[in-house]
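One line per chain: the protein sequences are P, U, X and S, in this order. So the first sequence is numbered by my numbering: it starts at 1 and just counts up by one. So the second sequence is numbered by my numbering: it starts at 1001 and just counts up by one. So the third sequence is numbered by my numbering: it starts at 2001 and just counts up by one. So the fourth sequence is numbered by my numbering: it starts at 3001 and just counts up by one.
Number of protein chains: 4
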Amino acid sequence: MDQPKEKTPYSLNSKKVADATKSWLHKRGVTVEEIAELVMFLQQKYYPNLTMEECVHNVEQVLTKREVQNAVLTGIQLDILAEQGALIPELQDMISHDEGLYGVDEILAFSIVNVYGSIGFTNYGYVDKLKPGVLERLNDKSLGPINTFLDDIVGAIAASASSRIAHRKQAERELDNGGEFDEEDLN
Amino acid sequence: MDQPKEKTPYSLNSKKVADATKSWLHKRGVTVEEIAELVMFLQQKYYPNLTMEECVHNVEQVLTKREVQNAVLTGIQLDILAEQGALIPELQDMISHDEGLYGVDEILAFSIVNVYGSIGFTNYGYVDKLKPGVLERLNDKSLGPINTFLDDIVGAIAASASSRIAHRKQAERELDNGGEFDEEDLN
Amino acid sequence: MDQPKEKTPYSLNSKKVADATKSWLHKRGVTVEEIAELVMFLQQKYYPNLTMEECVHNVEQVLTKREVQNAVLTGIQLDILAEQGALIPELQDMISHDEGLYGVDEILAFSIVNVYGSIGFTNYGYVDKLKPGVLERLNDKSLGPINTFLDDIVGAIAASASSRIAHRKQAERELDNGGEFDEEDLN
Amino acid sequence: MDQPKEKTPYSLNSKKVADATKSWLHKRGVTVEEIAELVMFLQQKYYPNLTMEECVHNVEQVLTKREVQNAVLTGIQLDILAEQGALIPELQDMISHDEGLYGVDEILAFSIVNVYGSIGFTNYGYVDKLKPGVLERLNDKSLGPINTFLDDIVGAIAASASSRIAHRKQAERELDNGGEFDEEDLN
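Quick look at the structure:
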């Protein structure tokens, strides 16, 4: 990759990329509400008053981030191509069998978590091991679709939304106590 | 680390952390303008109309991010302790000699770059090798202060500000063309 | 940091760094056996015949890696300095209270896990949340010592040893089936 | 992904994956010698006696690492599918135009560099910006093939081989001085 020169005729359409991200998550059977439930699972013990509405909102905000969109689209693409048997044989084998030593799925997940800082790592690892809610279904190999990337991606989005909440709750606490806060850090 | 329980008596004061970050960069002899010059060095060929004012603004916004503040304070702290000879002998040797196989300085730098996504990696690596402007001075071992962490951190802040500019310039382009844009992605 | 010029008078003594790593883990009350127990906790369900001897061996091998040694020494150093109250006040507050938004402890942990590839991320996150065995004691804030970095580091070493085992078990399986294997990938 | 249960009928064939990696690099027009030339470009000033034979050997050893093979195959796969126009339209646009805000190519590159520790980050960023030797050809958009992933991957392999050399040269130096060295750290 290289940074875009300003006069190139091709032009990225960010809205299309954002819309495709939502649309493909939906086509692959994952709702924002299901991801929000993972967030609730992760954050309830820290913020007992946390509402599902807040969880949904935070997931939606995570999905506006370009790095997240890139990882979602790339991961879903590889899952789909594996379902179609369209990959290089050795890669096909590893992705369609969710090979434990493959690891590129974790790498994409990690690129999502990272956008809200390192505090999301442990939440990601935790839901990825426990596989609560939607993650159990995505990880069920008997169901047909290949979700080698998608389960890690969904867990990573939930972990990112959890980090976003942790940042914002801290800001609320400080503002309540008369503190100041810079808008930028809240995004 | 673990996420904060809501009723803990200790309370993080974000403004103090932000102020300490700016103050310590200043005490270690690095100005926002010098970091902005690195940004200009990195971005001028992509955006010929980029102004120093924009570069300064973007550096300042990067410095409002908590992950960046954490890395800056931790890195400067280790440099200072190495100057004082206050570290475990083996660590003292590695940090005071800027040992090539140490690598924790790059890890902290990487945690800064990451906040604005992977597109900043190459800018960071590039200025860290070329050492233009302020980085040449910070890396001059004959001058007294130990800046093993600081030079990597300053390069990483400049790379992050460059990524931030790339994201915003794209948004401007699309808005000029009648596109829509979600605020969140711009932070 | 910069790569070493060959004629520099200072000379890294790798054996000293390796010995200091073991010695400081010991001084901070963590035994190789306790870390090996975390590995057993993580890996037993995948390899029912796994022995404690193998777990101990794999932890010891992880500890020979330079990146691991760098992270261990740096993290323990920051814990010790926080105990002594010797840090910049804002950093002192965050590290001594294991502030949830600090995150540099996770970054160092991540640099350990990474050496054996991305497959260790989830194991790290899992033990860091569950805090089994030695991690419960390290995380007990009522006990006096500050282990803000050490608990993440110990979890990361266990996760890395788990990844190392996963790589080697695969090799054993393939060799048993008459396959070939390149030595390098086993390290 | 999840770790393999021991009795699964599918069985990863590591030799096939390793062979496919070499074979696909070759099919995409990249030789080990060209990557070795990048290593020489990066390391000559630190080790004036470094030979091309050593550079070739170190590149070959990097290519035996599973994480490297996974990233190479996945990246080349996405380049090929982009050439065939077989991707989701929004992803197709970003990969075929090497969109500056895409960044998954850097993420895969980073997963390669990481295997030999953080000291490779700057070497990767440096060659990725300067694009010496084979990287200039891979990055030439007028030539037909899409190498959005491949140029980053090749730069990352060269950076990793450079880190591997830095580790080994240090070991040689210490052994020459009568020091001891653990084999494991050399891999």
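Virtual Cβ for every residue (Gly too), placed ideally from N, Cα, C.
Exercise for the section: Give every residue of the same chain whose Cβ lies closer than 6 Å to the Cβ of Thr1008/U, excluding the five residues on either side of it in the sequence, and list them in chain order. Expected result: The residue you call residue 1008/U lines up with position 8 of the second sequence. In this prediction, Thr1008/U has a pLDDT of 46, which is less than 50 and means its spatial position is unreliable; what the coordinates show is noted afterwards. Nothing meets the Cβ criterion.
Exercise for the section: Spell out a yes or no on whether the segment 108-125 of chain P and the segment 3080-3090 of chain S are touching, meaning 3 or more CB-CB pairs, one atom from each, closer than 8 Å. Expected result: Fewer than three Cβ pairs drawn from the segment 108-125 of chain P and the segment 3080-3090 of chain S lie within less than 8 Å of each other, which leaves the two stretches out of contact.
Exercise for the section: Taking only beta-carbon positions, decide if Lys3007/S is within less than 7 Å of chain X. Expected result: For this step, residue 3007/S is matched to residue 7 along the fourth sequence. Any reading at Lys3007/S must be qualified, since the residue scores a pLDDT of 43, below 50, and its modelled position is unreliable; the value itself is stated next. So no, Lys3007/S is outside the interface.
Handout entry: Distance CB(Tyr124/P)-CB(Gly155/P) smaller than 7 Å
Key = On the first sequence, residue 124/P is found 124 positions in, with the first residue counted as 1. On the first sequence, residue 155/P is found 155 positions in, with the first residue counted as 1. Yes, the Cβ-Cβ distance between Tyr124/P and Gly155/P is below 7 Å.
Exercise for the section: Can you tell me which of the three DSSP states Lys3141/S falls into? Expected result: As a working note, residue 3141/S is residue 141 in the fourth sequence. Helix, per DSSP.
Handout entry: Endpoints, alpha helix (DSSP H) assigned at Val2030/X
Key = By one-based count along the third sequence, residue 2030/X stands at place 30. Segment: none, Val2030/X is in no alpha helix (DSSP H) and carries neither H nor E.
Practice task
Measuring only between beta-carbons, confirm whether Tyr1102/U sits less than 7 Å from chain X.
Solution key: The sequence position of residue 1102/U within the second sequence is 102, counting from 1. For Tyr1102/U, the nearest beta carbon of chain X is closer than 7 Å to its own beta carbon.
Exercise for the section: Return the residues of the segment 1153-1179 of chain U that lie within a Cβ-Cβ distance of less than 9 Å from chain P, sorted by chain order. Expected result: Those would be Ser1162, Ala1166, His1167, Lys1169, Gln1170, Ala1171, Arg1173, Glu1174, Asn1177 and Gly1179, in chain order.
Problem - chain S within 7 Å of Asn2114/X, Cβ atoms only - result: As a first step, residue 2114/X is located in the third sequence; it is residue number 114 there, counting from the start. So, interface residue.
Exercise for the section: For Leu1012/U, count neighbouring C-beta atoms within 10 Å of its own C-beta (all shown protein chains included) and say buried if the count is 16 or more, exposed if not. Expected result: What you label residue 1012/U is simply residue 12 of the second sequence in a count that begins at 1. Leu1012/U counts as buried, since no fewer than 16 other beta carbons sit within 10 angstroms of its beta carbon.
Handout entry: chain P within 7 Å of Ser2011/X, Cβ atoms only
Key = Numbered from its first residue, the third sequence carries residue 2011/X at position 11. The beta carbon of Ser2011/X does not come within 7 Å of any beta carbon belonging to chain P, so the residue lies off that interface.
Exercise for the section: Identify which residue in Asp2093/X, Leu2138/X and Gln2077/X has its Cα closest to the Cα of Ser1014/U. Expected result: For the purposes of this step, residue 1014/U is taken as the residue at position 14 of the second sequence. Checked all of Asp2093/X, Leu2138/X and Gln2077/X; the closest Cα to Ser1014/U is Asp2093/X.
Practice task
Tell me, please, whether the CB atom of Tyr3126/S is closer than 7 Å to any CB atom in chain U?
Solution key: For this step, residue 3126/S is matched to residue 126 along the fourth sequence. Look at Tyr3126/S: its C-beta is under 7 Å from a C-beta on chain U.
Practice task
Please name the residue, chosen from Asn1177/U, Gly1179/U and His1167/U, that lies closest to Lys207/P on a Cα-to-Cα basis.
Solution key: The structure shown does not extend to residue 207/P, since chain P spans only 1 to 187, so no value can be given for it.
Problem - Assigned exposure category for Tyr10/P - 16 Cβ within 10 Å defines buried - result: Within the first sequence, numbered from 1, the residue matching residue 10/P stands at position 10. Residue environment: Tyr10/P is assigned as exposed (fewer than 16 neighbouring CB atoms within 10 Å of its CB, all protein chains considered).
Problem - Inter-stretch contact at 8 Å, needing at least 3 Cβ pairs: the segment 3041-3051 of chain S / the segment 3158-3175 of chain S - result: Counting Cβ pairs under 8 Å, three or more are found: they touch.
Exercise for the section: Could you list the residues in the segment 3043-3070 of chain S with a C-beta less than 8 Å from some C-beta on chain P, going in chain order? Expected result: Going along the segment 3043-3070 of chain S in chain order, one finds Arg3066, Glu3067 and Asn3070 with a Cβ nearer than 8 Å to chain P.
Practice task
Use the C-beta contact count for Tyr3027/S: other C-beta atoms within 10 angstroms, 16 or more gives buried, fewer gives exposed.
Solution key: Position 27 of the fourth sequence holds residue 3027/S. Note on identity: in this sequence residue 3027/S is Lys, with Tyr being the wrong assignment. The residue is exposed, with fewer than 16 neighbouring Cβ atoms inside 10 Å.
Practice task
Determine the contact status of Val3032/S and Val3068/S, defining contact as a CB-CB distance below 7 Å.
Solution key: Position 32 of the fourth sequence holds residue 3032/S. Position 68 of the fourth sequence holds residue 3068/S. Using a Cβ distance threshold of 7 Å, Val3032/S and Val3068/S do not count as a contacting pair.
Problem - The alpha helix (DSSP H) enclosing Asn1058/U, as first and last residue numbers - result: Mapped onto the second sequence, residue 1058/U falls at position 58. Unbroken alpha helix (DSSP H) run through Asn1058/U: Met1052 to Val1062.
Problem - Under 8 Å by beta carbon: chain C residues contacting His26/P - result: Protein chains in the displayed structure are P, U, X and S, and chain C is not among them.
Practice task
Evaluate Leu2143/X with the Cβ neighbour count: other Cβ atoms within 10 Å of its Cβ, from every protein chain shown; 16 or more gives buried, anything less gives exposed.
Solution key: Here residue 2143/X is taken as the residue at index 143 of the third sequence, counted from 1. Taking every protein chain shown into account, the CB of Leu2143/X has fewer than 16 other CB atoms within 10 angstroms, so this residue is exposed.
Exercise for the section: Please go through the same chain and pick out, in chain order, the residues whose beta-carbon is closer than 8 Å to the beta-carbon of Leu135/P, but skip the five residues on each side of it. Expected result: In the first sequence, the residue the question calls residue 135/P occupies position 135. Around Leu135/P: Leu38, Val127, Asp128, Asp151, Val154 and Gly155.
Exercise for the section: Hey, could you find the ends of the alpha helix (DSSP H) Leu1091/U is sitting in? Expected result: Reading the second sequence from its first residue, position 91 is the one you call residue 1091/U. Judged by DSSP secondary structure, Leu1091/U falls within the alpha helix (DSSP H) whose first and last residues are Pro1089 to Ser1096.
Problem - Any C-beta of chain P under 7 Å from that of Lys2141/X - result: Here residue 2141/X refers to the residue found at position 141 when the third sequence is read from its first residue. No Cβ of chain P is located within less than 7 Å of the beta carbon of Lys2141/X.
Practice task
State yes or no: is the C-beta of Leu101/P within less than 7 Å of the C-beta of Gln2061/X?
Solution key: Along the first sequence, one-based indexing puts residue 101/P at 101. Along the third sequence, one-based indexing puts residue 2061/X at 61. It is not a contact, given that the beta carbons lie outside the stated cut-off.
Problem - Closer than 7 Å to chain U by CB, Ser14/P - result: Stepping through the first sequence from its first residue, residue 14/P is reached at position 14. It does; some Cβ of chain U falls within 7 Å.
Problem - For Lys1131/U, the nearest candidate out of Trp3024/S, Thr3122/S, Ser3118/S and Leu3078/S (CA to CA) - result: Numbered from its first residue, the second sequence carries residue 1131/U at position 131. Across the set Trp3024/S, Thr3122/S, Ser3118/S and Leu3078/S, the C-alpha of Thr3122/S shows the shortest separation from the C-alpha of Lys1131/U.
Problem - Segment limits, alpha helix (DSSP H) that includes Thr1122/U - result: Along the second sequence, read from residue 1 onward, the residue named residue 1122/U stands at position 122. For Thr1122/U, the uninterrupted alpha helix (DSSP H) segment begins and ends at Phe1121 to Leu1130.
Problem - Exposure of Ser1118/U, with buried meaning 16 or more beta-carbon neighbours within 10 Å - result: Taking the first residue of the second sequence as 1, we reach residue 1118/U at position 118. Classification for Ser1118/U: buried.
Exercise for the section: Along the alpha helix (DSSP H) that carries Lys45/P, what are the first and last residues, could you check? Expected result: Here residue 45/P refers to the residue found at position 45 when the first sequence is read from its first residue. No residue range can be given for Lys45/P, since it is assigned to no alpha helix (DSSP H) and is classified by DSSP as neither H nor E.
Exercise for the section: Could you tell me the boundaries of the alpha helix (DSSP H) in which Thr2074/X lies? Expected result: Within the third sequence, numbered from 1, the residue matching residue 2074/X stands at position 74. Thr2074/X -> alpha helix (DSSP H) spans Arg2066 to Glu2083.
Problem - Min CB distance Glu33/P to chain X below 7 Å - result: As a working mapping, residue 33/P is identified with position 33 in the first sequence. So no, Glu33/P is outside the interface.
Practice task
List the endpoints of the continuous alpha helix (DSSP H) containing Phe2110/X.
Solution key: Walking along the third sequence from the start, residue 2110/X turns up at place 110. In the DSSP annotation of this structure, the continuous segment of the alpha helix (DSSP H) that includes Phe2110/X starts and ends at Val2104 to Val2113.
Practice task
Go through its chain and collect everything with a Cβ distance to Pro2145/X's Cβ below 8 Å, but skip five positions before and after it.
Solution key: Residue numbering aside, residue 2145/X sits at position 145 when the third sequence is read from its first letter. Within the same chain, Cβ atoms closer than 8 Å to the Cβ of Pro2145/X are found at Arg2028, Gly2029, Asp2079 and Glu2083, the five residues on either side in sequence being excluded.
Practice task
Compute the minimum distance between the beta carbon of Asn3123/S and the heavy atoms of the ligand FAD, and state whether it is under 6 Å.
Solution key: Among the components of this structure there are no ligands whatsoever, and the ligand FAD is therefore not found.
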